[in-house]
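Protein sequences, first through last, are from chains A and B. For what it's worth, the UniProt record's numbering labels the leading residue of the first sequence as 1, then goes sequentially. For what it's worth, the UniProt record's numbering labels the leading residue of the second sequence as 1, then goes sequentially. By construction, the Cβ of each residue, glycine as well, lies at the ideal position given by its N, Cα and C atoms. Given the structure is predicted, the values throughout are model-derived calculations rather than measurements. Structure, as structure tokens:
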Amino acid sequence: MSNSHSDTIPLRPSNSQSDIDEIRSLIDDSVHSGPAVVLPARHPATTPPPSSSPFISSNIPPPPPVSSSSSLQKLQSVPAAPPPPPPVGNSSSIVANGFGPPPNTLTEPVLDTVKRDLWRIVSNLKLVVFPNPFREDPGKALRDWDLWGPFFFIVFLGVALSWSASVKKSQVFAVAFALLAAGAVILTLNVLLLGGHIIFFQSLSLLGYCLFPLDVGALICMLKDNVVAKVIIVCLALAWSSWAAYPFMSSAVNPNRKALALYPVLLMYLSVGFLIIAID
Amino acid sequence: MDESSYWNHPTSHLLGSVPAVVNEESEASYGRRGGGGRGYQTLGPPTEGFDQQSQNNWKGVFSISSYTQYFDVDTDVVVNRLISSFYPAGGDFFNKIGANPDLYGLIWITTTLVFMLAAFGNCATYLIQKRTDRTTSWSFDVGYVNAAACGIYGYSLVVPVAFYFLLRYLGSNASLVRFLCMWGYSLSIFIPTAFLLLIPVEILRWIIILIAGTASSCFVTLNLTSYIGGSNDLRMMMIAAFLLQMALAIFIKAWFFP
């Protein structure tokens, strides 16, 4: 498509065979200087939008370092070390700028993946639920969203409610899970329908992370059984959750419609809080 | 008004699209919407002119931007409509909606009502049991949530649709979105009613629910008269609407606050 000049100036017979040969030679180059897998035109330096595939995130660790050993040896002993510095040996070859060594998340040890996901959950939690200077800017606050954290929090809340229920345990879990999961989707759609500008999955992720205070409240209520104490704890947890969700939701819509976007959030957290108090 | 134009700059309809199947101006969905042609009046208000603008934004069933036209309200507009739904006298709700019916009221009023009925229904049984039994064998009945959701969502979806089709069949010029909007706002009076029904005195509960049911039914009936002429067939519709709303009120009392 881009070789328009080759139509008028045939420097060499431009058929598909020569293109394949060129690619093969590039692959051979990369074998000697980098990992053996060449991804189709994915530049590691670009920052894809947060809603793209979960394998590419904005702070993905740079590709493994270039060692002097052969590439086959490197494939078998993929580094289990923490994120290494960018490969220096690749800068001289054409491959690093064009195709680049891929992020090798498929062949790393499972513990690495789990540690990295857990670390991401913790850092997102710190950004969302605790005070930090990025709160007023939703674009920065949850740039590296993920859905594992919300999943854990929703399931934990359902299990905690189901545990403390004395009858109809499975129905309680179903109601809690459906309420939270469907509620997050509907709240996001509500903002979009009101003409607001948010990213769908980023908002789902944020609403899930804001459940963390309610999770803590549910845990404490499981242990203590006094109604008055439960009411106080749940009210505190509600206030904390709402405070966490407020800047994100309110900055996503037109200021005239702020209350219209925030009210359903309050309603959802209120109903979850009520479930926590009432289920004993 | 000018601030809204600042926010609704021309590319805003692209940003709201959910990444799913997007039917760009497909004829099938347009046909389903418009009844087969551009000249068919579906969304225009009955007394005012035909609003061409609202039909042009339909981009298919799966595109969010085709539904944003029904949520084009601000906070003060919604509050205004809510307050006007509390006063059953004066059948001018459809004039108040004008060319801008909203489904925001329908969705969130019904959802709030579902939550209130489930929560306060449980509280009411707890209070009554504490008064009579003095035992603590009460437990939270999650079935109330299911019953409330089925009842309220079912009523608020089925009844306006049924009235829309019936009135269309009988020749009147009805509009589905405006009916949904009106019935949605008519349910708003039951929200403070649910709170008041916590009082554990039986006779007082019946008085409260009858007052609320009457107010809500009058609201619905008086507003329907603007779509109905004087003929006897259509008068039956008004009576039916009144009775249905009263039936809903009695269902709320009997199921959730026995």
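Worksheet item: Going by beta carbon distance, what residues of the same chain come within less than 6 angstroms of A/Phe156, once the five residues before and after it are set aside?
Response: For the purposes of this step, residue 156 of chain A is taken as residue 156 along the first sequence, with counting starting at 1. Once the five neighbours on either side are set aside, the close Cβ partners of A/Phe156 are Asp215.
Fill in: A/Ala218 at chain B interface by Cβ criterion, 8 angstroms
On the first sequence, position 218 is the one that residue 218 of chain A refers to. Closer than 8 angstroms: no.
Worksheet item: Hey, quick one: how far does the alpha helix (DSSP H) through A/Ser205 stretch, first residue to last?
Response: Position 205 of the first sequence, counted from the start, is the residue given in the question as residue 205 of chain A. For A/Ser205, the uninterrupted alpha helix (DSSP H) segment begins and ends at 200–209.
Fill in: Cross-chain neighbours of B/Thr68 in chain A, by beta carbon under 7 angstroms
For this step, residue 68 of chain B is matched to residue 68 along the second sequence. Neighbours of B/Thr68 on chain A, chain order: Leu193, Gly195.
Worksheet entry | Limits of the unbroken alpha helix (DSSP H) element including B/Leu113 | By 1-based counting over the second sequence, the position of residue 113 of chain B is 113. That run of the alpha helix (DSSP H) goes 104–132.
Worksheet item: Quick one, are the C-beta atoms of B/Pro101 and B/Ala215 less than 8 angstroms apart?
Response: As a working note, residue 101 of chain B is residue 101 in the second sequence. As a working note, residue 215 of chain B is residue 215 in the second sequence. Taking 8 angstroms as the Cβ cut-off, B/Pro101 and B/Ala215 do not qualify as a contacting pair.
Item to complete: Taking C-beta pairs closer than 8 angstroms, name the residues in chain A that B/Tyr144 reaches, listed in chain order.
Response: The count along the second sequence starts at 1 and reaches residue 144 of chain B at position 144. By Cβ distance, chain A contributes nothing, its closest Cβ being about 10 angstroms from B/Tyr144, past 8 angstroms.
Practice prompt. Assign B/Asp74 to one of two classes, buried (16 or more other C-beta atoms within 10 Å of its C-beta) or exposed (fewer than that).
Written response: If you number the second sequence from 1, residue 74 of chain B lands on position 74. With 16 or more other Cβ atoms inside 10 Å of its own Cβ, B/Asp74 counts as buried.
Worksheet item: Quick one: does B/Ile211 have its CB under 8 angstroms from some CB of chain A?
Response: Taking the first residue of the second sequence as 1, we reach residue 211 of chain B at position 211. Cβ-Cβ to chain A under 8 angstroms: no for B/Ile211.
Worksheet entry | Three-way DSSP call (helix, strand, coil) for B/Phe257 in this model | As a working mapping, residue 257 of chain B is identified with position 257 in the second sequence. The answer is coil: DSSP assigns B/Phe257 none of H, G, I, E or B.
Discussion item. Strictly below 7 angstroms CB to CB, what residues from chain B border A/Phe274?
Written reply: Numbered from its first residue, the first sequence carries residue 274 of chain A at position 274. Chain order gives the chain B residues near A/Phe274 as Ala119, where near means a beta carbon separation below 7 angstroms.
Worksheet item: Does the stretch 177–197 of chain B touch the stretch 150–161 of chain B, meaning 3 or more C-beta pairs lie closer than 8 angstroms?
Response: Touching, yes.
Worksheet entry | Extent of the continuous alpha helix (DSSP H) to which A/Asp112 belongs | By one-based count along the first sequence, residue 112 of chain A stands at place 112. DSSP places A/Asp112 in the uninterrupted alpha helix (DSSP H) bounded by 110–129.
Worksheet item: Any contact of the stretch 245–257 of chain B with the stretch 215–225 of chain B, i.e. 3+ C-beta pairs under 8 angstroms?
Response: With the cut-off at 8 angstroms, the stretch 245–257 of chain B and the stretch 215–225 of chain B touch.
Practice prompt. Answer yes or no: do B/Phe71 and A/Leu193 have a C-beta to C-beta separation smaller than 8 angstroms?
Written response: Working through the second sequence from its first residue, we reach residue 71 of chain B at position 71. Working through the first sequence from its first residue, we reach residue 193 of chain A at position 193. Yes. Within cutoff.
Item to complete: Name the two residues that bound the continuous alpha helix (DSSP H) containing A/Ile269.
Response: Stepping through the first sequence from its first residue, residue 269 of chain A is reached at position 269. The residue you asked about is not Ile; residue 269 of chain A is Tyr in the sequence shown. Its alpha helix (DSSP H) spans residues 258–278.
Practice prompt. Give the straight-line distance between the Cα atoms of B/Ile107 and B/Ser85, rounded to the nearest whole angstrom.
Written response: As a first step, residue 107 of chain B must be located in the second sequence, where it is residue number 107. As a first step, residue 85 of chain B must be located in the second sequence, where it is residue number 85. The straight-line gap from Cα to Cα measures roughly 16 angstroms.
Item to complete: Answer with buried or exposed for A/Asp146, where buried requires no fewer than 16 other C-beta atoms within 10 angstroms of its C-beta.
Response: Taking the first residue of the first sequence as position 1, residue 146 of chain A is located at position 146. Result: buried.
Item to complete: Verify the CB distance criterion: does A/Ser166 have a CB-CB separation below 8 angstroms to chain B?
Response: Residue mapping note: residue 166 of chain A aligns to position 166 of the first sequence, counting from 1. Yes, because at least one Cβ of chain B sits closer than 8 angstroms to the Cβ of A/Ser166.
Worksheet entry | Between the CA atoms of A/Pro109 and A/Cys235 - distance to the nearest angstrom | By one-based count along the first sequence, residue 235 of chain A stands at place 235. By one-based count along the first sequence, residue 109 of chain A stands at place 109. If I take the Cα positions, the gap works out to 43 angstroms.
Discussion item. Pop quiz: A/Ala244 and A/Val128 are said to be a contact at Cβ under 8 angstroms. What is the actual Cβ separation, rounded to whole angstroms?
Written reply: By 1-based counting over the first sequence, the position of residue 244 of chain A is 244. By 1-based counting over the first sequence, the position of residue 128 of chain A is 128. A/Ala244 to A/Val128, Cβ: 6 angstroms. Contact.
Worksheet item: Whose C-beta lies closer than 7 angstroms to the C-beta of A/Arg257 among residues of the same chain, with five residues either side of it excluded?
Response: The count along the first sequence starts at 1 and reaches residue 257 of chain A at position 257. In chain order, Leu194 place their CB closer than 7 angstroms to the CB of A/Arg257, counting only its own chain and leaving out the 5 sequence neighbours on each side.
Fill in: chain B within 8 angstroms of A/Ala259, Cβ atoms only
Residue numbering aside, residue 259 of chain A sits at position 259 when the first sequence is read from its first letter. With a threshold of 8 angstroms between beta carbons, A/Ala259 makes contact with chain B.
Discussion item. Could you compute how far the alpha carbon of A/Ser166 sits from the alpha carbon of B/Ser139?
Written reply: Here residue 166 of chain A refers to the residue found at position 166 when the first sequence is read from its first residue. Here residue 139 of chain B refers to the residue found at position 139 when the second sequence is read from its first residue. Those two C-alpha atoms are separated by around 7 angstroms.
Fill in: C-beta neighbour in chain A for B/Asp92, strict 8 angstroms
As a position in the second sequence, residue 92 of chain B is number 92, starting the count at 1. Not one chain A Cβ lies under 8 angstroms of B/Asp92.
Fill in: 8 angstroms contact criterion, which B/Leu117 and B/Pro200 should meet: CB distance rounded
Indexing the second sequence from 1 puts residue 117 of chain B at position 117. Indexing the second sequence from 1 puts residue 200 of chain B at position 200. Not a contact, Cβ separation roughly 17 angstroms.
Fill in: Separation of A/Leu180 from A/Leu262, as counted between CA atoms
The residue labelled residue 262 of chain A in the question sits at position 262 within the first sequence. The residue labelled residue 180 of chain A in the question sits at position 180 within the first sequence. Straight-line Cα distance between these residues: approximately 16 angstroms.
Practice prompt. Mind reading off the beta-carbon distance from B/Met237 to B/Ile228? Whole number of angstroms is fine, and I expect it under 8 angstroms.
Written response: Start at 1 with the first residue of the second sequence, and residue 237 of chain B comes out as number 237. Start at 1 with the first residue of the second sequence, and residue 228 of chain B comes out as number 228. Confirmed, about 6 angstroms.
Worksheet entry | Residues near A/Pro213 by beta carbon distance below 6 angstroms, same chain, minus five either side | In the first sequence, residue 213 of chain A corresponds to position 213, counting from 1. Answer for A/Pro213: Ala237, Trp240, Ser241, listed in chain order.
Practice prompt. Using a Cβ cut-off of 9 angstroms, pull out every chain A residue sitting near B/Ile228, in sequence order please.
Written response: The residue given as residue 228 of chain B occupies position 228 in the second sequence. Under the 9 angstroms cutoff, chain A gives no residues; its nearest Cβ is about 31 angstroms from B/Ile228.
Fill in: The alpha helix (DSSP H) enclosing A/Met163, as first and last residue numbers
On the first sequence, position 163 is the one that residue 163 of chain A refers to. Note that residue 163 of chain A is Trp in the sequence shown here, rather than Met. Residues 148–164.
Fill in: Closest by C-alpha distance to A/Asp280, when choosing among A/Leu219, A/Leu266, A/Tyr246
Numbered from its first residue, the first sequence carries residue 280 of chain A at position 280. Between A/Asp280 and the set A/Leu219, A/Leu266, A/Tyr246, the nearest pair of CA atoms involves A/Leu219.
Item to complete: Write down the C-beta distance between A/Lys183 and A/Met268 rounded to the nearest angstrom, noting that I regard them as a contact closer than 8 angstroms.
Response: Counted from its first residue, the first sequence places residue 183 of chain A at position 183. Counted from its first residue, the first sequence places residue 268 of chain A at position 268. For the sequence presented, residue 183 of chain A should be read as Gly rather than Lys. Indeed, because the Cβ distance is near 4 angstroms, the residues count as touching under 8 angstroms.
Worksheet item: Is B/Phe115 closer than 8 angstroms to B/Leu197 when the C-beta atoms are compared?
Response: Translated into positions along the second sequence, residue 197 of chain B becomes position 197. Translated into positions along the second sequence, residue 115 of chain B becomes position 115. It is not a contact, given that the beta carbons lie outside the stated cut-off.
Worksheet entry | Contact set for A/Asn190: own chain, Cβ-Cβ below 7 angstroms, skip 5 residues either direction | Taking the first sequence and counting its residues from 1, one reaches residue 190 of chain A at position 190. So the list reads Ala261, Pro264, once near-sequence residues are dropped.
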